[in-house]
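Colleague:
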Amino acid sequence: MSVAATKFPTFFEMRLDKATFFKDLLEEISDRFSKAYFVFSDKGLDVRVVDSSGYMHVALVAVAVFYYYLCDRAVSVGLSLDDMAIAFRGANNDDILTIKAVDDCFNMVTFTFETPNGVIWDYDFNCVDINHGPLEIMEIPESDYEAIVRIPSAMFIGICNKLSSFGERGTVIILVDKERVVLRPGKSLELKNCLQADPNCCRVIAYFFKCKIWLVEMKVRVSLTFDLRSMNFLSKASTLSDQVTICLSNMEPAVFQYEIKGMGYIRYYLSPFPGLSKEDEMQLFPTFSEMRLDKATFFKNLLEVISDLFSEAYFNFSDKGLDVQAVDSSGIALVALLPDKAFNHYRCNHALSMGLSLADMAKAFRCTNNDDILTIKAVDDCFNMVTFTFEMPNGVICDYDFNCVDIDDGPLEIKQTPESEYQATVRIPSAMFMDICNDLSSLAERGTVVTILVDKEHVEFFAGEKARSSRMFCRPTQTVVKNGSCLCQSAPSMVMFVSMQPKERVSLTLDLRSVNFSKASTLSDQVTISLSSKLLALFEYKIENMGCIRYYLSPMIEMQNEGDEMHQIWAASDITRTDD
392 MSVAATKFPT
402 FFEMRLDKAT
412 FFKDLLEEIS
422 DRFSKAYFVF
432 SDKGLDVRVV
442 DSSGYMHVAL
452 VAVAVFYYYL
462 CDRAVSVGLS
472 LDDMAIAFRG
482 ANNDDILTIK
492 AVDDCFNMVT
502 FTFETPNGVI
512 WDYDFNCVDI
522 NHGPLEIMEI
532 PESDYEAIVR
542 IPSAMFIGIC
552 NKLSSFGERG
562 TVIILVDKER
572 VVLRPGKSLE
582 LKNCLQADPN
592 CCRVIAYFFK
602 CKIWLVEMKV
612 RVSLTFDLRS
622 MNFLSKASTL
632 SDQVTICLSN
642 MEPAVFQYEI
652 KGMGYIRYYL
662 SPFPGLSKED
672 EMQLFPTFSE
682 MRLDKATFFK
692 NLLEVISDLF
702 SEAYFNFSDK
712 GLDVQAVDSS
722 GIALVALLPD
732 KAFNHYRCNH
742 ALSMGLSLAD
752 MAKAFRCTNN
762 DDILTIKAVD
772 DCFNMVTFTF
782 EMPNGVICDY
792 DFNCVDIDDG
802 PLEIKQTPES
812 EYQATVRIPS
822 AMFMDICNDL
832 SSLAERGTVV
842 TILVDKEHVE
852 FFAGEKARSS
862 RMFCRPTQTV
872 VKNGSCLCQS
882 APSMVMFVSM
892 QPKERVSLTL
902 DLRSVNFSKA
912 STLSDQVTIS
922 LSSKLLALFE
932 YKIENMGCIR
942 YYLSPMIEMQ
952 NEGDEMHQIW
962 AASDITRTDD
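Residue numbering for the sequence shown is 392 to 971, as defined by our numbering.
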């Protein structure tokens, strides 16, 4: 027995019936750290590691977890997490894991995996030197913290992942008061590479938790700023626990703790950065112009429709409501009107016009839901930023801040022309108009134009070139006749009623690519087309109880001294820029 005991020392030995938990724990910490201290004591095994940023990790595996546990005295050894992770890849989750010392100087630790079929794998790891010595962890009672927040871990990892999608370099602000818990990127977060956005259009996403939904214990209001990469890393432990407890104090390192039922816990100590500035505080709780929609569906659909054609637009707020205006070089202008009565709540102290990036907004809003409550508000007294807040049914609030952008053209002033001044007005079911545009676009090439002709008998849509063409007729009946060298039907297709009010025959030629706005058909049942040889063509979609979308198209004219080439001109009397 003495020879065996000398050859195989047993200064400490512990056994787990299932290796699953230890493997998951090792995988979680080895993503960021290459070395760690393994501290064996009569309380159990805990793994400790710290990095230069002030980030500290402590994982305790309690004695009760082990099927067998023996520790003669407390021992702290440094081990390579990288080597362990590589070696353990061949181990199975249902293996029996035994950890023990293999010499009396504690210079080596053996990890033994015993498979269900009786195969035993021994992995011997020599101790390694770590720059810092063994860590002394001070246990701070929860009562000493200024605020404690308990959040479902699945929710927490989802928030951290979304925050990281806006760029990993930066900080995260956690603010707790009596009304809410806020998680949002700090002001130092660089967003100019995110979504290839303009650097002047910095977007910030914030998550708010209502205190009545999440368990919050607060003595005083607290606001702390943390490293975003560290937050993203520690959130990965969410897979091991149902809840994360966040303990915050202005005097102590913050603690993020995951209690693992019947196993122990994983605890992270994070040193905060300097707190919020007054400007950040103001941006968190704006109190200026505000409007709310109980369902975000319409606004999200509106944004999706117009962002296909325009990358930037002016948002004009007034006591009458919100209108969105945009224009591009192809000869198309947009005006979307949302009157104040379209909102469930509307307040605007004074009129303002702000340029915003539609492309960035469309990408940012993809993670929101149609049944969210949408609130739009100004977030500073200079009106250089607008906040779009989406409140989910479960109480989570996503807050997107958009800085104003400079648009080459100044705000538009579009003259409202009475319908009676147009030479012809046609009302067509929007679904039918969308089909017509799609059919015409199927043969479109660069430079292809569409001609719309209205007389007393029908409205005609014609698109084509010398090689091929398509012609579609819509009469004020319940039929549509398609005829052309590319598109034809053996029998007319039934459609809804088409209404025409022509005063005289009118024919306008438009850039076919500009008619992409037919996607607005998803928002309205009918499109009204108003045509005149002296005015911009108007395509209007009226949205019941919500407002309308108007597209103004500049017709193309044939220049006699330039052959058959078509040129586009703006009717300067109809659209002007207010900065001219």
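Glycine included, each C-beta is placed from N, C-alpha and C at the ideal position.
(1) Give me the Cα-Cα distance between residue 841 and residue 626, rounded to the nearest whole angstrom.
(2) Could you say which of 847, 833, 680 lies nearest to residue 854 if we only look at CA atoms?
(3) Let me check understanding here. Comparing Cα to Cα, which of 946, 928, 923, 917 lies closest to residue 934?
(4) So is residue 435 buried or exposed if we call it buried at 16+ other beta carbons inside 10 Å?
(5) Using 8 Å as the Cβ pair cut-off and three pairs as the minimum, do the region 404 to 414 and the region 477 to 487 touch?
(6) I'd like to know whether the C-beta atoms of residue 923 and residue 814 end up nearer to each other than 7 Å.
(7) Quick check on the burial criterion: 16 or more other C-beta atoms within 10 angstroms. Buried or exposed for residue 884?
(8) Alpha carbon to alpha carbon, how far is residue 469 from residue 520? Give it in angstroms, no decimals.
(9) Please determine whether the Cβ atom of residue 608 lies at a distance below 6 Å from any heavy atom of the ligand FMN.
(10) Under the three-state reduction of DSSP, which class applies to residue 492: helix, strand or coil?
(11) What are the boundary residues of the beta strand (DSSP E) that includes residue 430?
(12) Which stretch, first to last residue, makes up the alpha helix (DSSP H) that contains residue 695?
(13) Please tell me whether residue 975 and residue 450 are closer than 7 Å, where the distance is taken between their beta carbons.
(14) Could you tell me the boundaries of the beta strand (DSSP E) in which residue 462 lies?
(15) Sorted by chain position, which residues of the same chain lie with C-beta nearer than 6 Å to residue 742's C-beta, five sequence neighbours on each side aside?
(16) Report yes or no: do the region 678 to 690 and the region 459 to 479 share at least 3 C-beta pairs separated by less than 8 Å?
(17) Can you name, in chain order, every residue of its own chain whose Cβ lies under 6 Å from the Cβ of residue 431, other than the five neighbours on each side?
(18) Quick check on residue 404: does DSSP put it in helix, strand or coil?
(19) Provide the residue span of the alpha helix (DSSP H) that contains residue 823, from first to last.
(20) Is it true that the CB of residue 705 sits closer than 7 Å to the CB of residue 744?
(21) At what residues does the beta strand (DSSP E) containing residue 975 begin and finish?
(22) So, at 7 Å on beta carbons, what are the nonlocal neighbours of residue 915 in its own chain, with the 5 sequence-adjacent residues on each side left out?
(23) Rank 789, 784, 785 by C-alpha distance to the C-alpha of residue 778 and give the top, closest one.
(24) Just to confirm the assignment: which complete beta strand (DSSP E) runs, minimum length 3, are found wholly within the region 752 to 810?
(25) Under three-state DSSP, which class holds residue 439?
(26) Return the CA-CA distance between residue 544 and residue 827, expressed in angstroms with no decimal places.
(27) Drop a sphere of 10 angstroms on the beta-carbon of residue 765, count the other beta-carbons inside from all chains shown, and report buried for 16 or more, exposed for fewer.
(28) Which whole-angstrom value is the C-beta distance of residue 763 and residue 687, which I expect to be below 8 Å?
(29) Using CA atoms only, rank isn't needed, just tell me which of 795, 539, 552, 725 is closest to residue 566.
(30) Between which two residues does the alpha helix (DSSP H) holding residue 516 run?
(31) Mark residue 425 as exposed unless 16 or more other C-beta atoms lie within 10 angstroms of its C-beta, in which case mark it buried.
(32) Distance check for residue 552 and residue 653, CA to CA, integer angstroms please.
(33) Since I believe residue 848 is in contact with residue 866 (beta carbons under 8 Å), could you give me their beta-carbon distance rounded to a whole number of angstroms?
(34) Helix, strand or coil: how does DSSP classify residue 418 here?
(35) Helix, strand or coil: which one does DSSP assign to residue 640?
(36) Identify whether residue 701 lies in helix, strand or coil by the three-state DSSP scheme.
Modeller: Per the coordinate set shown:
(1) Near 55 Å, if we compare the C-alpha coordinates of residue 626 and residue 841.
(2) Among 847, 833, 680, the Cα nearest to that of residue 854 is on 833.
(3) Answer by Cα proximity: 917.
(4) Classification of residue 435: buried, given that the 10 Å Cβ count is 16 or more.
(5) yes
(6) With contacts defined by Cβ atoms closer than 7 Å, residue 923 and residue 814 form a contacting pair.
(7) In this prediction, residue 884 scores a pLDDT of 35, lower than 50, which makes its location untrustworthy; the coordinate-derived value is nonetheless stated afterwards. Residue 884 is exposed by the Cβ-count criterion.
(8) The alpha-carbon atoms of residue 520 and residue 469 are separated by roughly 6 Å.
(9) As far as ligands go, the structure on display features none, and thus does not contain the ligand FMN.
(10) strand
(11) In this chain, the beta strand (DSSP E) harbouring residue 430 covers 426 to 432.
(12) Residue range 688 to 698 is occupied by the alpha helix (DSSP H) that includes residue 695.
(13) This structure gives no information on residue 975, because the portion of the chain shown stretches from 392 to 971.
(14) 459 to 462
(15) 709
(16) no
(17) 403, 462, 466
(18) Residue 404 sits in a strand when the DSSP states are folded into three classes.
(19) For residue 823, the enclosing alpha helix (DSSP H) begins and ends at 821 to 832.
(20) yes
(21) Look at the range of the chain in this structure, 392 to 971, and you will see that residue 975 is not part of it.
(22) 821, 932, 933, 934
(23) 789
(24) Taken in chain order, the complete beta strand (DSSP E) segments of 3 residues or longer contained in the region 752 to 810 are 764 to 769, 776 to 782, 787 to 794, 803 to 805.
(25) Taken through DSSP and simplified to helix, strand or coil, residue 439 comes out as strand.
(26) 50 Å
(27) buried
(28) So it is a contact: roughly 5 Å between Cβ atoms.
(29) 539
(30) Element bounds for residue 516: not the alpha helix (DSSP H) but the beta strand (DSSP E), 511 to 517.
(31) An exposed status is given to residue 425, since fewer than 16 other beta-carbon atoms sit within 10 Å of its beta-carbon.
(32) 28 Å
(33) 7 Å
(34) helix
(35) coil
(36) Taken through DSSP and simplified to helix, strand or coil, residue 701 comes out as coil.
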